Structure formats: structure tokens, C-alpha cells
Amino acid sequence: MDLYKHIRKEDREIYRAVVGEEKRQKEGLELIPSENYVSRAVKEAMASSLTNKYSEGYPGRRYYGGQEFTDKVEALAIERAKKLFGAAYANVQPLGGANANIAMYFALLQPGDTILGMDLSHGGHLTHGHPVTYLTKIFNFQRYKMKNIETGEIDYDDMRRVAKKIKPKIILAGFSAYPRELNYKKFVSIAREVGALAVMDIAHIAGLIAGKAAKNPFDDGFDVMTTTTHKTLRGPRGGMILVHKDEEIAKKIDKAVFPGFQGGPHMHQIAAKAVAFGEALRPSFKKYAKQIIANTKAMEKVFKKHAARMITGGSDNHLILLDVWTSFGISGGEAEKLLDRAGITLNKNAIADDTRKPMDPSGIRFGTPALTTRGFKEKEAAQVAEIMIEVLTKRDEAAVKRAKQEIKKLALSHPIPESFR
Ligand SMILES: *Cc1c(COP(=O)(O)O)cnc(C)c1O
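So the number in our numbering is just where the residue sits in the sequence shown, counting from 1, plus 329.
Shown next, in the form of C-alpha cells:
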């Protein structure tokens with residue numbers, strides 16, 4: 330089946346780039362923990378004529394006519410999101426994870442208000458108050474850190490002490506480079522103590538929560554969750570905001586998303602979100618989420634065996650942060666390039682209290698969501714980890730070449746499943 334026959338005819342340049350990217354995704358191994366393969370059904374929704382429609386507003390209260398089907402689509406996406414995460418309210422319109430966070434801040438805060446969030450070098454995200462974002466011109470971001478980098482334990486006593494002093498309006502949990510589960514109860518109790526809202530950005534682990542392979546922060550009393558839909562949740566590129574119970578909060582969030590920050594919702598993406606949420610509600614997704622973690626554990630075991638240093642000592646979720654500088658005497662940048670040549674795609678990453686520069690830090694970050702979609706089990710995941718060790722230790726042409734052959738064999742024997750191509 331030629332899915333791109335029209336692009337091929339009308340636009341050769343884009344056609345070549347699209348087909349090239351598809352080939353790259355098929356032949357290499359994707360270990361970037363924020364990436365995944367979406368199903369054919371999700372892609373069909375994204376490619377649908379819903380992209381032609383303007384639907385400013387929300388189901389039942391739109392600014393334009395002709396909303397018979399878009400209302401159905403968005404209502405279904407909301408309904409499924411609520412069920413998936415145990416939320417009373419969901420806004421499925423944010424165009425991405427950053428947009429979701431921006432709308433959440435403006436919904437819940439006044440300019441100048443304080444947010445207490447995870448230090449970026451300890452796993453937090455750019456949108457949690459990195460100085461390069463405009464958010465820091467408007468809000469006051471303060472940080473908490475890990476108490477012990479070798480175990481990943483957060484310094485909750487310090488968090489409570491700081492929170493009492495600075496009186497944040499939001500205590501923000503969530504991360505893009507932290508391999509452990511947080512103590513949600515502690516977050517909530519500190520937030521209640523200082524009169525703050527407890528908000529969790531579940532962008533990275535939404536799929537693990539939806540698949541019941543990780544705890545749901547709402548079960549421990551969190552007020553709001555923001556997320557992407559395209560990482561472990563395996564949906565289209567996009568964002569979402571979930572509200573546990575409070576109707577007033579939900580109203581503020583709807584207003585902040587539209588008309589506060591966005592114009593017309595991308596209804597084709599929302600249809601794709603609905604399809605992905607439908608998939609995540611099936612029993613097979615629970616198996617998928619569980620396997621992601623089993624595969625990470627299999628990789629962890631190999632790195633432990635070789636005494637390689639993992640930040641927090643290992644992983645309970647879908648990602649591992651490996652200190653390649655201490656373990657192998659090479660920088661994160663060099664490791665990323667070496668592994669890339671062997672057909673393994675991952676990213677360099679700063680580690681907690683990194684002594685090296687951000688552009689060439691001490692660590693690499695990788696994970697198993699995409700491999701797991703390809704049908705990798707513990708055995709193959711361990712094999713990938715062994716190949717990584719071999720390349721990072723030997724670092725010569727022969728080792729890279731051998732690794733490349735083995736990776737190709739693994740990729741070919743575990744093709745992207747038919748329904749995900
Ligand atoms: C990926 C991520 C985001 C941003 O999502 P985008 O869709 O890239 O805007 C926000 N927060 C966290 C924790 C993330 O991991």
C-alpha cells in the first residue's frame with residue numbers, strides 16, 4: 330500500500346524526507362524515552378478532514394456552526410481521558426505539553442506568584458522554570474532537589490521547610506529525567522500544610538499511569554495533572570490538562586486554554602487523542618505498560634552487573650540516566666555519537682550536580698517505550714544494554730561495526746508491528 334502516493338506526485342522534496350524518516354525509524358533502535366510509535370488508527374485520525382474545521386470553544390458552546398461531529402470527537406476524547414486517569418474534568422485542547430503547563434500556570438496563578446518545582450538538573454523540565462523560558466519573567470520558580478543522588482530520594486524535609494518560608498501557590502511534581510516514583514502523599518501533605526495546590530506534570534509517565542503500571546497521583550490527592558499525549562501514552566503529539574475534582578479549577582483551566590492562550594483547537598489531533606485513549610483503555614495496554622518497566626529492569630540489571638553508575642542507582646519506570654563520564658571516561662556527547670553510529674538513538678543528558686557543561690554533559694538518558702512497542706521483551710532489552718556496554722567500553726571502529734550489525738539484526742527481527750506502521 331502506497332500511503333504517500335499524492336505527496337510523491339505533488340511534492341518530491343517533502344516525499345523524500347518523509348520516506349527517509351520512516352526508514353530511519355524502522356532500521357535503527359529508538360531509545361529516546363519521550364518517543365514512541367503510534368498506531369495506524371491514530372495516524373488515520375490525524376490525517377483526517379477534521380483538520381479543515383474551526384471549532385473555537387468547547388463541545389456544545391462553539392463560536393462557529395457545523396460542529397455536529399467535532400463535538401462528538403472532543404466529547405469522546407474528554408470522556409475517555411477522564412476514565413483513563415480518574416479525573417472529573419479534562420481539557421484535551423493543549424497543542425503540546427509546554428502549552429498545557431503554560432495554560433495551567435496562568436489558570437491557577439497571578440503574575441509574581443511562586444511555584445516550588447523539581448530542580449532542572451535533578452530531572453525537572455524546561456517548562457518548570459528554566460531561565461530561558463519567558464515563564465520566569467512572570468512567575469517566581471523555586472526548587473527542590475534530591476537528598477541522595479544514589480537512591481533518588483527527594484529531600485521532603487527541605488521541601489517542607491522551603492515551602493513554609495516561600496509560601497508557593499503550586500507545589501509541582503513531575504520530571505523528564507528522573508527514574509523513580511515520587512512519594513505523592515508527601516507532596517500533597519506539604520501542599521495542604523502551606524495552602525498550595527499539588528500539581529503533577531505526568532508527561533513522561535502518563536502511559537505507565539494509564540496502564541496501571543505506576544501509581545496515579547490523583548489517588549494520593551493531587552489536584553491537577555498536566556501531560557503530553559505522545560510519550561509513553563502512545564498518542565499523537567499534543568497536550569492535556571486533567572483536574573481531579575474541583576469544578577472551579579476546571580473552569581479556570583478551560584478559560585486559560587481558550588481563549589486565554591490558544592485559538593482554534595486542532596480537531597484532527599483531538600480525534601487522534603481519542604483513538605489513543607481508547608487503545609489505552611484496553612487490557613493490552615496494561616500489558617504494554619508493565620512490559621516497559623520489565624524491559625527497563627532488564628537493562629538496569631546489565632548495567633549493575635558491569636558496575637556502571639546509574640543516577641539514583643537504577644530505575645522504577647521507563648528511563649535510565651547513565652553517568653558515562655564516571656563509568657567509561659567519555660562525555661555524554663561522545664557516547665551519544667558513538668551509539669548513534671551503532672544504530673542506537675538516545676540523548677546526552679546532564680546528571681544531578683553535573684561537573685561538565687550542559688552542551689556536553691556527563692550522562693546519557695534512554696528508555697524502553699518505543700522498543701516495547703516493537704515487541705522487545707526482557708531478553709532483547711538486556712541484549713541492547715550489553716551492546717551499549719561493549720561500544721562504550723571498547724570505542725573502536727571494530728566494536729561499533731559489530732554493534733551495528735547486531736542492532737540491525739535485532740531491528741529486523743522485531744519490526745514495527747503492522748498496525749503501528
Ligand atoms: C516533554 C515534556 C513537556 C513538554 O512537552 P512538549 O509537547 O514538548 O511541549 C513538559 N513537561 C514534561 C515533564 C515533559 O517531559
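Think of the CB as a built atom: it goes at the ideal place given N, C-alpha and C, for glycine as much as any other residue.
Just so it is clear, the structure is predicted and the values come from calculations on it, not from any experiment.
Burial state of residue i, where buried means 16 or more other Cβ atoms lie within 10 Å
i	result
His573	buried
Leu741	exposed
Tyr333	exposed
Ile343	exposed
Ile622	buried
Met688	exposed
Lys541	exposed
Tyr473	buried
Ser505	buried
Lys458	Note that residue 458 corresponds to Gly in the displayed sequence, not to Lys. The residue is buried, with at least 16 neighbouring Cβ atoms inside 10 Å.
Glu408	exposed
Asn365	buried
Arg703	buried
Ala406	buried
Gly395	exposed
Ile495	exposed
Glu629	buried
Inter-residue CB distance, residue i and residue j (contact presumed, cutoff 8 Å)
i	j	result
Gln471	Leu438	That pair is no contact at about 13 Å.
Val631	Ala711	5 Å
Phe516	Ile499	Contact doesn't hold; Cβ gap of about 11 Å is too wide.
Val553	Ile534	Contact flag wrong, Cβ pair sits at about 16 Å.
Thr462	Pro497	Their Cβ separation, rounded to whole angstroms, is 18 Å, which puts Thr462 and Pro497 out of contact at 8 Å.
Ala609	Leu562	6 Å
Arg509	Gly481	4 Å
Ile467	Lys476	So it is not a contact: roughly 30 Å between Cβ atoms.
Tyr387	Asp583	6 Å
Tyr513	Lys544	7 Å
Arg724	Leu667	6 Å
Unbroken alpha helix (DSSP H) run spanning residue i, endpoints
i	result
Asn430	426-437
Met488	485-495
Lys580	576-584
Leu405	397-414
Ala535	535-539
Ala601	596-609
Val367	Neither: Val367 is in no alpha helix (DSSP H) and is coded neither H nor E.
Ala520	513-523
Thr655	653-657
Val461	Val461 -> no alpha helix (DSSP H), and no H or E assigned at all.
Range of the contiguous beta strand (DSSP E) that encloses residue i
i	result
Arg472	469-473
Leu667	No beta strand (DSSP E) holds Leu667; the alpha helix (DSSP H) holding it covers 661-670.
Lys677	676-678
Ile500	499-503
Ile570	568-572
Tyr418	418-420
Thr444	One detail in the question is off: residue 444 reads as Ile in this sequence, not Thr. From DSSP, the beta strand (DSSP E) with Ile444 extends over 443-447.
Ala346	Careful: Ala346 lies outside any beta strand (DSSP E), inside the alpha helix (DSSP H) at 341-356.
Thr557	553-557
Met529	526-530
Contact under 8 Å by Cβ, residue i with residue j
i	j	result
Leu650	Ile680	yes
Ala374	Ala600	yes
Lys677	Gly658	no
Leu464	Thr456	yes
Gly564	Val367	yes
Val713	Val720	no
His743	Phe705	yes
Leu700	Asn624	yes
Ile718	Ala603	no
Glu403	Val421	yes
Thr555	Ala429	yes
Leu413	Met596	no
Ala432	Val528	no
Ile531	Gly503	yes
Ala671	Ile736	yes
Ser384	Gly593	yes
Lys560	Ser748	no
Thr698	Gly536	Correcting the residue identity first, residue 698 is Pro in this sequence and not Thr. Their beta carbons are under 8 Å apart, which means Pro698 touches Gly536 by this criterion.
Phe547	Ala416	yes
Ser660	Ser691	yes
Gly425	Arg566	yes
Thr558	Ala605	yes
Ile693	Glu715	no
Val347	Ile336	yes
Gly642	Glu479	yes
C-beta neighbour in chain D for residue i, strict 8 Å
i	result
Thr561	Looking at the structure shown, chain D is missing, and only one protein chain is on hand.
Can you check the region 621-650 for any alpha helix (DSSP H) of at least 4 residues that lies completely inside it and give the ranges in chain order?
-> none
Minimum length 4: unbroken alpha helix (DSSP H) runs contained in the region 693-749 | 698-702, 707-723, 726-742
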